[in-house]
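Throughout the sequence shown, residue numbering follows full-length UniProt numbering, covering 1 to 112 in sequence. Cβ coordinates follow ideal geometry from the N, Cα and C atoms, glycine included. Computed from a predicted structure; not experimentally measured.
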Amino acid sequence: MKILPALGTHHPMTTDQIRKMFGNDLADADPSPFVVHDWRKDVVTIGHAPAEMVSDATYGMVNEPWPAQLNKLVWEKRIRNRGDDKEDGNENENYRDQHTPPPLVISVGQVV
Numbered sequence: 001m002k003i004l005p006a007l008g009t010h011h012p013m014t015t016d017q018i019r020k021m022f023g024n025d026l027a028d029a030d031p032s033p034f035v036v037h038d039w040r041k042d043v044v045t046i047g048h049a050p051a052e053m054v055s056d057a058t059y060g061m062v063n064e065p066w067p068a069q070l071n072k073l074v075w076e077k078r079i080r081n082r083g084d085d086k087e088d089g090n091e092n093e094n095y096r097d098q099h100t101p102p103p104l105v106i107s108v109g110q111v112v
């Protein structure tokens, strides 16, 4: 299990904040399931919001396509769950069952 709290530009959560939000069992787990999201380095652009949509949302202050970005772990999990990952040259149907990474938990309470 992996947990990526505060997926924006927030500072990493403190142990006390993790304890309050997720409880003692997860806060004290070893190894820790919490992954710190580095919004400058750990993202992948998966598309762009059209300029017209961005312009409407910003009342004309920004009039250009805006990147839609996700943490790399979220995107890699999506690819692996589809069974498209051809890592190590293995393309058979059982690849997903044999090599599926641990579940990914996202704290959507941090998303605005």
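Under the DSSP assignment, residue 20 falls in the alpha helix (DSSP H) whose first and last residues are 15-22.
When DSSP states are grouped into helix, strand and coil, residue 35 belongs to the coil group. In terms of Cα proximity to residue 45, the closest of 76, 52 and 68 is 68. Assigned with DSSP and collapsed to three states, residue 74 falls in helix. In chain order, 42 and 44 place their CB closer than 6 angstroms to the CB of residue 72, counting only its own chain and leaving out the 5 sequence neighbours on each side.
Per DSSP, reduced to three states, the secondary structure at residue 44 is strand.
A distance below 8 angstroms between beta-carbons, with the five flanking residues on each side excluded, links residue 13 to the following residues of its chain, in chain order: 5, 6, 21 and 34.
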